[in-house]
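Residue numbers for the sequence shown follow our numbering, so the first one is 880 and each next one is one higher. No residue lacks a Cβ here, since even glycine has one placed at the ideal position from N, Cα and C. Structure record follows, encoded as structure tokens.
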Amino acid sequence: MGIKDGLTGTRPLVKVAAIIVFVAQVCNWIAFSTTSWYVVGHTHIGLWRSCSDIRMGCDSLDGISDDQFNAIQAFAIFGFMSLNIGFLLILLFMFWGSCRANTETAIASAVLLIFAGSAWLISVAIFGAEYDDRVLGADGLDYSYGLAVCALILSLIGGLFMLVGGRGHGSDVSQ
880 MGIKDGLTGT RPLVKVAAII VFVAQVCNWI AFSTTSWYVV GHTHIGLWRS CSDIRMGCDS
940 LDGISDDQFN AIQAFAIFGF MSLNIGFLLI LLFMFWGSCR ANTETAIASA VLLIFAGSAW
1000 LISVAIFGAE YDDRVLGADG LDYSYGLAVC ALILSLIGGL FMLVGGRGHG SDVSQ
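This is how it looks when you write it as structure tokens:
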């Protein structure tokens, strides 16, 4: 079973879901790993590091004693990992032998994508509430935060598309 057979035998809604979730993956990886969730003057704050343009180097934010920030990091990890696994399951659903057009694979992907969107939603909601624009000298929320919001929206849409488009067999699969 090749790529061509996988693409021709997959329902259009699943193909659209794969494209949407691929874009969500790009947003997911950039948002998770960059240091531009919030900018205060010359300091850029991300999930894992705080970097300054004035002072050389970055400070790690791992293990800080702020429960809200720890919750932000934890839910971001849940969203990041669930979105990665959900995308992998879409690819398996489209191309891989026993998983191809398998309803359970589609449902598992949909559940993980909806969970990923929910986890990212909690993470960005806590971050947005904690780091608002009222801080003196703050430039505000930056592009990494926006990409996390895009990842959560696209993940929810992709999950709904997989829930609808992945039910039943899209084509006859020879084994």
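For the 8 Å CB-CB criterion, V1043 and A1027 do not form a contact. DSSP lists H923, G1019 as the beta-bridge partner residues of V918.
Residue pairing by DSSP puts C937 in a beta bridge opposite C930. The Cβ neighbour count for S939, taken over all protein chains shown within 10 Å, is under 16; the residue is labelled exposed. Secondary structure of Y1010 (DSSP, three-state): coil. Contact between the segment 947-965 and the segment 988-1001 is present: three or more C-beta pairs spanning the two stretches fall below 8 Å. When the alpha-carbon of E983 is set against those of G1045, N907, T887, D1021, the nearest one is in G1045. Rounded to the nearest whole angstrom, the CA to CA distance from F954 to S988 is 18 Å.
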